[in-house]
Amino acid sequence: MNSGDSEPPAEVYRRYLESGGLGYQRCAGCGAGCGAAVFYPRVLCPVCGESGLTWEISSGLGVVYATTAVYRREGDPYNVVLVDLEEGFRMMSRVEGVSAERVEVGASVMLRVDREDDDPSPLFVLRGEGP
Amino acid sequence: MSLRGKVAVVGVAEADLGEVGPGFTPLDLIGQATLRALEDSGLDKSDVDGLFSASAYYHMPTLSVGEYLGIRPR
């Protein structure tokens, strides 16, 4: 049985990213949804279980919830963060443009979609500083 | 101690099978099956207090499935 009535969430997410936007889902469920912001993309709401998730585009503005610097055997360490987006969801990413140790909890960040690879990646830069 | 009369299968479902379309992750299919099994049983997700999972794709799949579905077993 193939329902075919919904697109793969990861595909929709990727399409938004390719056009420069960070897509996330909102639980709407025919008006009965709980309103939760849902990320990463999925087929049902992890809060209330409704399947009626609608897509929205994030402003890309957020605040660092947690940060760490990962040291490689060679080269500079890279940063890994959890970012709280202003729409109410949290995601893992990297803050680029500054050294990994300079990123602090509570720092204001904004989205920058990285297109160096075939798959676009949602990264962040510190707000108020150039990319 | 016997489980007779204390345990029942109350909902059964399958995810899409065969060509499910590119881009559906194994977790998406688990989510599909969960939605349908809950509908089959007449229960809500909030009624679920236990979770068992097996997967050839994920390492320790119950953790990933618990996060995806938003189920925190007792």
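Protein sequences appear in the order of chains A and B.
One rule links them: number in the numbering used here = place in the first sequence (from 1) + 98.
One rule links them: number in the numbering used here = place in the second sequence (from 1) + 16.
All C-beta atoms, glycine included, are put in the ideal place defined by N, C-alpha and C.
Item to check | Residues of the stretch 142-163 of chain A with Cβ closer than 8 Å to any Cβ of chain B, in chain order | outcome: From the stretch 142-163 of chain A, only 142, 143, 144, 145, 146, 147, 149 have a Cβ closer than 8 Å to chain B.
Item to check | Contact list for residue 140 of chain A against chain B, beta-carbon separation under 8 Å | outcome: Close to residue 140 of chain A, with beta-carbon spacing below 8 Å, are these residues of chain B in chain order: 43, 44, 47, 84.
Checklist entry - Using a Cβ-Cβ distance under 8 Å, would residue 39 of chain B count as near chain A? => result For residue 39 of chain B, the answer is yes, since a Cβ of chain A falls inside 8 Å of its Cβ.
Next on the checklist: Taking the alpha-carbon of residue 35 of chain B as reference, which of A:106, A:172, A:120, A:114 has the nearest alpha-carbon?
Outcome noted: Among A:106, A:172, A:120, A:114, the Cα nearest to that of residue 35 of chain B belongs to A:106.
Checklist entry - By the criterion of Cβ-Cβ separation under 8 Å, what are the contact partners of residue 65 of chain B in chain A? => result The contacting residues do not exist; residue 65 of chain B stays about 14 Å from chain A at best.
Item to check | Alpha-carbon spacing of residue 141 of chain A relative to residue 190 of chain A, whole angstroms | outcome: Roughly 20 Å between the two C-alpha positions.
Checklist entry - So, helix, strand or coil for residue 220 of chain A, using DSSP? => result Strand, per DSSP.
Checklist entry - Under the rule that 16 or more other beta-carbon atoms within 10 Å means buried, what is residue 169 of chain A, buried or exposed? => result Looking at its Cβ environment, which holds fewer than 16 other Cβ atoms inside 10 Å, residue 169 of chain A is exposed.
Checklist entry - Contact check, residue 151 of chain A vs residue 136 of chain A under 8 Å by CB: the rounded distance? => result Their Cβ separation, rounded to whole angstroms, is 6 Å, which keeps residue 151 of chain A and residue 136 of chain A in contact under 8 Å.
Next on the checklist: Check for me: the beta strand (DSSP E) holding residue 155 of chain A runs from which residue to which?
Outcome noted: That run of the beta strand (DSSP E) goes 151-155.
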